[in-house]
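Visitor: Okay, handing you the structure first.
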Ligand code: PGA
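Next comes the structure, spelled out in structure tokens:
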């Protein structure tokens with residue numbers, strides 16, 4: 010039995026004090042559930058204070074750099090995250106790829122650096138509307154994953170979380186139907202089986218992301234190859250976040 014993993018992705022929203030207040034309020038209402046990883050990915054400046062008040066919630070970073078240290082102005086290293094007890098990092102979100110020019114090569118280096126540090130990458134993949142309409146979603150996602158996971162061992166692969174996020178469904182209110190999401194997530198699992206083995210593929214947690222809300226999450230999580238969700242907008246309000254994870 011795979012666990013479920015539901016992670017909010019706050020993007021560039023909230024201040025440190027708002028984040029701490031949110032975590033205090035939500036964490037106390039969560040309780041521990043060993044079958045569910047409930048997390049929030051937040052901007053780097055607020056992670057340290059969030060981890061101090063989180064007991065049940067997992068605090069994740071939205072990005073990191075792959076070098077340990079050096080002349081990389083503005084970047085956040087893995088040792089910096091480890092020092093404040095952050096062990097999950099969202100990697101290769103479509104906004105990082107499209108707005109900040111992250112390539113599969115960079116994303117691959119980040120995934121490998123995180124695994125070497127015993128941390129958990131939440132590796133995002135997904136197609137644009139153009140690719141979706143051309144019917145080549147699976148080819149695109151398979152290529153992203155092959156490139157992003159290049160050189161990752163079978164043992165490490167079981168620790169990677171994959172987030173399938175069709176770009177046309179992010180922040181648009183256009184959620185992929187549970188059937189479409191399931192079809193692609195199943196395709197992703199089959200692809201991992203072909204790159205590694207069925208045993209490895211069966212252990213990997215795969216999330217769906219893109220306009221997930223409290224009122225549609227149940228149908229999405231009901232799909233056999235979907236183990237959780239990566240949620241932007243609906244994770245920003247306490248009540249709505251609780252509606253996702255409860
Ligand atoms: P959304 O964002 O839930 O607001 O569509 C999802 C994401 O970008 O991870």
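Numbering (the working numbering), first residue to last: 10 to 255. We put the beta carbon where it would ideally sit given N, CA and C, even for glycine.
1) With distance defined between alpha-carbon atoms, name the residue in 15, 11, 10 nearest to residue 223.
2) What residues are listed by DSSP as bridge partners for residue 70?
3) Any idea if residue 183 is buried or exposed, counting beta-carbon neighbours within 10 angstroms, 16 or more meaning buried?
4) Three Cβ pairs or more, each shorter than 8 Å: is that satisfied between the stretch 41–55 and the stretch 66–80?
5) Applying the criterion that 16 or more other CB atoms from any shown protein chain within 10 Å of the CB defines a buried residue, is residue 175 buried or exposed?
6) Going by alpha carbons, who is nearest to residue 66 out of 89, 80, 34?
7) Considering only C-alpha positions, which residue in the set 241, 226, 151, 235 is nearest to residue 252?
8) Taking 8 Å as the line, does the beta carbon of residue 96 fall inside it for any heavy atom of the ligand PGA?
9) Going by alpha carbons, who is nearest to residue 117 out of 148, 152, 91?
10) Please tell me whether residue 233 and residue 191 are closer than 9 Å, where the distance is taken between their beta carbons.
11) Quick one: what's got a C-beta closer than 6 Å to residue 217's C-beta in the same chain, skipping five residues either side?
12) Using DSSP bridges, identify the partner residues of residue 18.
13) Does at least one heavy atom of the ligand PGA sit under 8 Å from the Cβ of residue 172?
14) Please report the distance separating the alpha-carbon of residue 205 from that of residue 168.
15) Which term fits residue 81, buried or exposed, when burial requires 16 or more other beta carbons within 10 angstroms of its beta carbon?
16) Can you tell me where the alpha helix (DSSP H) with residue 146 in it begins and where it stops?
17) Where DSSP assigns a beta bridge to residue 204, which residues make up the other side?
18) May I ask which residues mark the beginning and end of the beta strand (DSSP E) holding residue 239?
19) Any heavy atom of the ligand PGA inside 8 Å of the beta-carbon of residue 243?
20) CB residue 244 to CB residue 178, shorter than 9 Å?
21) Going by CA-CA distance only, name the one from 119, 135, 136 that's closest to residue 128.
22) Pairs of beta-carbons, one from the stretch 97–117 and one from the stretch 141–149, closer than 8 Å: are there three or more?
23) Less than 9 Å between the beta carbons of residue 87 and residue 98, yes or no?
24) Can you have a look at residue 136 and say buried or exposed, based on whether 16 or more other CB atoms are within 10 angstroms of its CB?
25) Please confirm whether residue 231 and residue 187 have their CB atoms less than 9 Å apart.
Guide: In this structure, then:
1) The residue you call residue 223 lines up with position 214 of the chain shown. The candidate whose alpha carbon is nearest that of residue 223 is 15.
2) In the chain shown, the residue the question calls residue 70 occupies position 61. Residue 70 pairs with 51, 98.
3) As a position in the chain shown, residue 183 is number 174, starting the count at 1. With fewer than 16 other Cβ atoms within 10 Å, it is exposed.
4) yes
5) For the purposes of this step, residue 175 is taken as residue 166 along the chain shown, with counting starting at 1. Residue 175 should be labelled buried.
6) Here the question's residue 66 lines up with position 57 in the chain shown. Measuring from the Cα of residue 66, the nearest candidate turns out to be 34.
7) Along the chain shown, read from residue 1 onward, the residue named residue 252 stands at position 243. A check of alpha carbon separations from residue 252 across 241, 226, 151, 235 identifies 226 as the nearest.
8) Counting from one through the chain shown, the residue named residue 96 turns up at place 87. Result no, Cβ not under 8 Å from the ligand PGA.
9) Position 108 of the chain shown, counting from 1, holds the residue named residue 117. Out of 148, 152, 91, 152 has the C-alpha closest to the C-alpha of residue 117.
10) The sequence position of residue 233 within the chain shown is 224, counting from 1. The sequence position of residue 191 within the chain shown is 182, counting from 1. It is a contact, given that the beta carbons lie within the stated cut-off.
11) The residue labelled residue 217 in the question sits at position 208 within the chain shown. Here the set comprises 173, 190, 229, 235, 238.
12) Residue numbering aside, residue 18 sits at position 9 when the chain shown is read from its first letter. Looking at the DSSP assignment, residue 18 forms a beta bridge with 50.
13) Translated into positions along the chain shown, residue 172 becomes position 163. Yes.
14) As a first step, residue 205 is located in the chain shown; it is residue number 196 there, counting from the start. As a first step, residue 168 is located in the chain shown; it is residue number 159 there, counting from the start. Using only the alpha carbons, I get a separation of about 13 Å.
15) Within the chain shown, numbered from 1, the residue matching residue 81 stands at position 72. Under this definition residue 81 is an exposed residue.
16) Within the chain shown, numbered from 1, the residue matching residue 146 stands at position 137. Note, residue 146: alpha helix (DSSP H), 146–157.
17) The sequence position of residue 204 within the chain shown is 195, counting from 1. For residue 204, which the question treats as bridged, DSSP gives no partner whatsoever.
18) Here residue 239 refers to the residue found at position 230 when the chain shown is read from its first residue. Per DSSP, residue 239 belongs to the beta strand (DSSP E) from 237–240.
19) Start at 1 with the first residue of the chain shown, and residue 243 comes out as number 234. Checking every heavy atom of the ligand PGA against the Cβ of residue 243, one is found closer than 8 Å.
20) Position 235 of the chain shown, counted from the start, is the residue given in the question as residue 244. Position 169 of the chain shown, counted from the start, is the residue given in the question as residue 178. For residue 244 and residue 178, no; Cβs fall outside 9 Å.
21) Position 119 of the chain shown, counted from the start, is the residue given in the question as residue 128. Looking at the Cα atoms, 119 is the closest of the given residues.
22) no
23) Reading the chain shown from its first residue, position 78 is the one you call residue 87. Reading the chain shown from its first residue, position 89 is the one you call residue 98. Yes. Within cutoff.
24) Your numbering for residue 136 matches position 127 in the chain shown. So residue 136 ends up on the buried side.
25) Looking up residue 231 in the chain shown gives position 222. Looking up residue 187 in the chain shown gives position 178. Yes, Cβ-Cβ distance for residue 231 and residue 187 is below 9 Å.
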